[in-house]
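Sequential numbering of the sequence shown, starting at 111, is according to the working numbering.
For each residue, glycine too, the CB sits at the ideal point set by N, CA and C.
Everything numeric in this text was worked out from a predicted model, so none of it was measured.
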Amino acid sequence: MADGGATPEIESIHGDGEGSAKGVVRIASVAALGGLLFGYDSAVINGANSSIKEHFDVGDLYLGFAVASALLGAAAGAMLAGRIADRIGRLRVMRIAAVFFFVSAFGAGLGDMVIDDLWTLVFFRVIGGVGVGIASVIAPAYIAETSPAHLRGRLGSLQQMAIVLGIFASLLVDWLLAHFAGGASEDLWLGLEAWRWMFIVMAIPAVVYGVLASTIPESPRYLISQHKIPEARRVLTRLLGEHDLEITINRIQTSVATERKSSWRDLIRPTGGVYPVVWIGLLLSVFQQAVGINVIFYYSNILWEAAGFDESQSFMISVITSVINVLVTIVAIALVDKIGRKPLLLIGSTGMSITLGTMAVCFATADVVGGDPILGDIAGPVALVAANLFVIFFGMSWGPVVWVLLGEMFPNRIRAAALSLAAAGQWAANWAVTISFPGLKSFDLGVAYGMYTVFAVLSLMFVARFVKETKGKTLEDMDEMSGIE
């Protein structure tokens with residue numbers, strides 16, 4: 111990733127079909143498993159929110175900080191992942207992320223039994239967040255490095271598919287554990303409450319991810335940068351077949367020989383100021399979170415409870431929403447290399463603007479009883495449908511497409527630094543939205559969803575004006591499109 115990720119040398123002959131397509135898909139799928147843990151770790155706290163608030167006897171501000179704490183670690187992990195991967199390799203970084211997830215699983219579930227304090231939970235949530243941040247950078251970069259140009263969009267979308275499957279798994283596990291225990295705060299197994307098991311179960315996919323990361327090859331780009339030519343030749347043969355293999359290796363060697371280590375200074379133009387493509391990538395990341403998508407997945411239970419549904423109904427609604435998210439992500443994977451990145455983003459922004467606006471109106475006009483909005487017989491179903499349509503429009507567009515663009519849009523020379531910055535910006539925006547929602551909920555949900563509506567409208571204007579289509583482009587084309595020498 112010193113060069114930033116996928117390489118033009120590999121891309122230029124990747125479409126010849128000689129390599130094993132199944133092998134490439136399997137390799138990308140394993141790398142994307144980090145996204146499953148990313149999704150699970152991010153959303154698992156949804157089912158535990160009320161129990162954490164009750165157990166630690168904290169208000170909305172502290173609850174918001176506990177939920178958002180993982181995102182602080184994610185921003186740090188994203189900033190560090192690229193440079194660490196350049197030094198020790200992509201696979202070792204994946205295994206390090208798996209260890210962070212494993213430690214976080216037991217620490218978040220059991221840590222306060224040693225030191226009974228909310229900050230113990232926050233600490234281990236931050237540890238898990240570092241794993242999330244690492245996975246959010248290393249998976250799309252590795253997939254881009256090992257994918258043919260004609261499949262790169264679909265394979266890059268596997269990251270988002272894994273994320274939404276992780277979200278679904280976490281919400282399903284939350285619901286099942288709470289159901290078996292008779293409530294999230296009730297004892298389940300070994301005298302531990304159900305909400306603790308919600309965190310502990312994450313140890314299972316963490317182990318699977320760490321083990322499977324040992325079964326895929328190291329990036330050929332990294333191997334050649336470390337002068338491990340025979341090993342790189344074996345990997346390239348597996349990916350591409352024999353055709354033009356030595357030409358590919360020679361081009362990568364030439365490219366690596368003329369490169370220098372990635373630096374944050376690379377993002378600054380010689381004439382001053384940050385390159386426009388960096389700003390575009392950063393703002394794509396920010397808009398992806400600013401529309402409030404993770405409010406649905408982090409707080410949907412307390413959101414629907416506030417709207418008049420009971421705990422069991424709220425769990426069920428959350429699971430149904432996550433299933434919808436998975437299904438529309440499959441649609442996005444099928445479309446991203448056919449109709450392109452930009453059209454999907456424009457469709458998504460339009461749909462999100464309408465659905466978020468509908469939710470804003472429903473909550474703004476609802477009667478307030480005891481500080482909570484009570485949706486009527488009409489507004490309740492309308493808000494529920496609008497929320498799920500919002501997830502559909504996001505899941506078919508901004509969810510997967512932003513990850514695809516971040517993996518491919520930056521020129522080779524700045525890709526590592528630019529991708530890390532964009533991912534860190536995404537987590538920072540996610541943190542701001544997540545930590546602010548409990549307070550906004552207490553103040554006025556209509557205002558909250560009104561803000562998300564404004565960001566959705568701004569995202570539409572931003573894409574229409576600044577985002578360029580990258581469908582079918584090689585990474586050499588990205589260099590030319592960016593205007594960076």
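What does DSSP give as the partner residue(s) for residue i in the beta ladder?
i: residue 303; result: 297
i: residue 378; result: 384
i: residue 222; result: In DSSP, residue 222 forms no bridge with anything.
Enumerate in chain order the residues of its own chain whose CB-to-CB distance from residue i is below 7 angstroms, with the five nearest sequence positions on each side excluded.
i: residue 200; result: 248, 252, 328, 329 and 332
i: residue 502; result: 434 and 438
i: residue 540; result: 181, 399 and 404
i: residue 236; result: 179, 180, 182 and 183
i: residue 386; result: none
i: residue 230; result: 221 and 222
i: residue 452; result: 573, 577 and 579
i: residue 321; result: none
i: residue 168; result: 228
i: residue 575; result: none
i: residue 127; result: Here residue 127 scores only 43 on pLDDT, less than 50, and its place in the model should not be relied on; the value that follows carries that caveat. Hits under 7 angstroms: none found.
Since residue i and residue j should fall inside the 8 angstroms C-beta cutoff, what is the C-beta to C-beta distance between them, to a whole number of angstroms?
i: residue 180; j: residue 151; result: 6 angstroms
i: residue 244; j: residue 203; result: 6 angstroms
i: residue 54; j: residue 510; result: The question about residue 54 has no answer here: the residues shown for the chain are numbered 111 through 595.
i: residue 466; j: residue 401; result: 7 angstroms
i: residue 274; j: residue 514; result: Actually they are not in contact, since the Cβ atoms of residue 274 and residue 514 sit about 14 angstroms apart, beyond 8 angstroms.
i: residue 147; j: residue 276; result: 6 angstroms
i: residue 162; j: residue 176; result: 6 angstroms
i: residue 391; j: residue 527; result: With a Cβ gap of about 11 angstroms, residue 391 and residue 527 do not count as contacting.
i: residue 530; j: residue 192; result: 4 angstroms
i: residue 166; j: residue 228; result: 4 angstroms
i: residue 542; j: residue 185; result: In fact, because the Cβ distance is near 11 angstroms, the residues do not count as touching under 8 angstroms.
For chain D, check one thing: does any of its Cβ atoms lie closer than 9 angstroms to the Cβ of residue i?
i: residue 168; result: Absent from the structure: chain D. Only one protein chain is present.
Please list the terminal residues of the continuous alpha helix (DSSP H) segment that includes residue i.
i: residue 196; result: 170-198
i: residue 567; result: 555-576
i: residue 63; result: The structure shown does not extend to residue 63, since the chain is modelled only from 111 to 595, so the question has no answer here.
i: residue 471; result: 451-474
i: residue 249; result: 228-255
i: residue 331; result: 330-335
i: residue 512; result: 508-518
i: residue 292; result: Where residue 292 is concerned, there is no enclosing alpha helix (DSSP H), given that its DSSP letter is neither H nor E.
i: residue 314; result: 313-322
i: residue 501; result: 489-505
i: residue 164; result: 159-166
Looking only at its chain, what residues have a beta carbon closer than 6 angstroms to the beta carbon of residue i, apart from the 5 residues adjacent to it on each side?
i: residue 326; result: 137 and 140
i: residue 279; result: 150
i: residue 560; result: 470
i: residue 496; result: 465, 468 and 469
i: residue 270; result: 439, 509, 510 and 513
i: residue 284; result: 157 and 308
i: residue 474; result: 556
i: residue 206; result: none
What does a CB cutoff of less than 8 angstroms around residue i pick up in its chain, not counting 5 residues either side in sequence?
i: residue 549; result: 170, 171 and 174
i: residue 215; result: 238, 309, 310, 311, 312, 313 and 316
i: residue 597; result: Nothing about residue 597 can be read from this structure; the chain reaches only from 111 to 595.
- Message: Could you check whether the segment 551-571 touches the segment 437-451, counting it as contact only if at least three pairs of C-beta atoms, one from each stretch, sit closer than 8 angstroms?
- Response: no
- Between the segment 308-323 and the segment 206-219, do at least 3 Cβ pairs fall closer than 8 angstroms? yes
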